[in-house]
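For the sequence shown, full-length UniProt numbering gives the first residue as 1, with consecutive numbering after it.
As structure tokens, the structure follows; a few thoughts come after it.
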Amino acid sequence: MTTVIDALVRPEIQAIPAYRVAAADGMIKLDAMENPYGWPDELKAEWLETLRGLDLNRYPDPNGEALHTALRETMGIGPEFELLLGNGSDELIQMLAMTVGGPGRRLLSLDPGFVMYRQIAQCAGMEYVGVPLRADFAIDLPAVLAAIERERPALIFLAYPNNPTGNRFDSEDMVRIIEAAPGLVVVDEAYAPFTDTSFLGLLGDWPNLLVMRTVSKMGLAGLRLGYLVGPRDWLAQIDKTRLPYNINVLTQVSAVFALRHKALFDAQTRAIREERARLFAALATLDGLHPYPSEANFILVRTPRGRAGSLFSALCERGVLVKNLDGSDPALADCLRITVGTPEENAALVDALRSALCASG
């Protein structure tokens, strides 16, 4: 069997690990950048009523027209741009790589960054080019421009704000990259609800610019819905790589319903942003921890040298799950990534961290 696998599975697939998600049963879950707030019972009841009449024996609307309309109205997307739906942002990244990929084609991004850029590039047969960020996690513009000139990437992803560092890159640096790029540039705005700037309003200023977003972080992670916005000519080509009926009927109807109640999610987002500031201040008081400023719904924290693993385990023992990034990238040595939770969850996290630091200090 191993001989057959070695013969048939591409070496670049054999070389990469599968994406794993940690079990979180019974834990305070602060590892996945989810909105910690649920829906009021009356809104849940109204939502369930909208699902009652669905015919699950029929395929969903193949183009998601009602969802297109709801997203355009809610997110302020003009008719001059096309909209493409994906089963989460991951599927959109995959569609983009399939559209412009091929032997010798390169996908460029910034490291440390979203791990799926690299993994999907490798799965699609593209070469991944990662340009390291500076020590403060800002864009090293000369290095990026040199890499663009040298590698001539067909596709560039820029996360805005960046995951896992949480910072928002300088917009002028972003513009320089867009203007220098020979191929597509996708600005990934997954964390748009937690910052005040966007490239969505700049679409059309450059013919190679696309903006990608998701509804996951605003509070709809369970729906797995992402959307890509850009010039019609580009999205018409990318749409050819989309699998039929990729957005199921439950997601379509639920997302349309949720977008009619966007005010609720906006209020939750404001609460998360306020809690982010309080959590940052609390983390900064703990000896040996260095939290990094964030414009996302998580905070990157550098722990004392060699302590990330033991602190992660100690938090798990105390019922708190965060993301251990130590070992994932040299720039993330000794780092944990902490999702902003409810006030009660954040207080429990800080208490657990304080106890863990004291116990091992």
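Built from N, CA and C at the ideal position, the CB exists for glycine as well.
- Per the Cβ contact rule, the stretch 84 to 95 is in contact with the stretch 117 to 124 (3 or more Cβ pairs under 8 Å).
- Excluding residues up to 5 positions away in sequence, Pro291 lie with their Cβ nearer than 7 Å to the Cβ of Ala284 in the same chain.
- Given a length threshold of 4 residues, each whole run of the alpha helix (DSSP H) inside the stretch 221 to 252 is given here in chain order: 232 to 238.
- The residues Val100, Arg105, Gly183, in chain order, have a CB closer than 6 Å to that of Ala154 in the same chain once the five nearest residues on each side in sequence are set aside.
- For Ala282 and Pro11, the gap between their C-alpha atoms comes out near 46 Å.
- For Ile139, the three-state secondary structure derived from DSSP is coil.
- Just so you know, the alpha carbons of Leu289 and Arg152 end up roughly 40 Å apart.
- When secondary structure is reduced to three states using DSSP, Asp61 falls in the coil class, being assigned neither helix nor strand.
- In the three-state reduction of the DSSP assignment, Ser294 falls in the coil class.
- Lys44 is classed as exposed because its beta carbon has fewer than 16 other beta carbons within 10 Å across all chains shown.
- Between the stretch 317 to 332 and the stretch 194 to 205, the count of Cβ pairs shorter than 8 Å is below three; the stretches do not touch.
- Counting only the Cα atoms, Asn163 lies some 21 Å from Pro142.
- Here Ile28 is bridged, per DSSP, to Val320.
- Annotated three-state conformation of Ala159 is strand, per DSSP.
- The continuous alpha helix (DSSP H) containing Tyr117 extends over residues 115 to 123.
- For Glu149, the three-state secondary structure derived from DSSP is helix.
- Rounded to the nearest angstrom, the Cβ distance from Thr251 to Leu225 is 6 Å, consistent with a contact under 8 Å.
- Between Ala348 and Leu315, the CB-CB gap reaches or exceeds 7 Å.
- Checking the DSSP bridge columns, you'll see Glu82 partnered with Gly230.
- Around Leu286, the same chain offers Val350, Leu353, Arg354, Leu357 as residues with beta carbons nearer than 8 Å, after the five sequence neighbours per side are excluded.
- Between the alpha carbons of Met27 and Asp239 lies a distance of about 40 Å.
- For the pair Leu279 and Arg337, the CB atoms are not nearer than the 7 Å cut-off.
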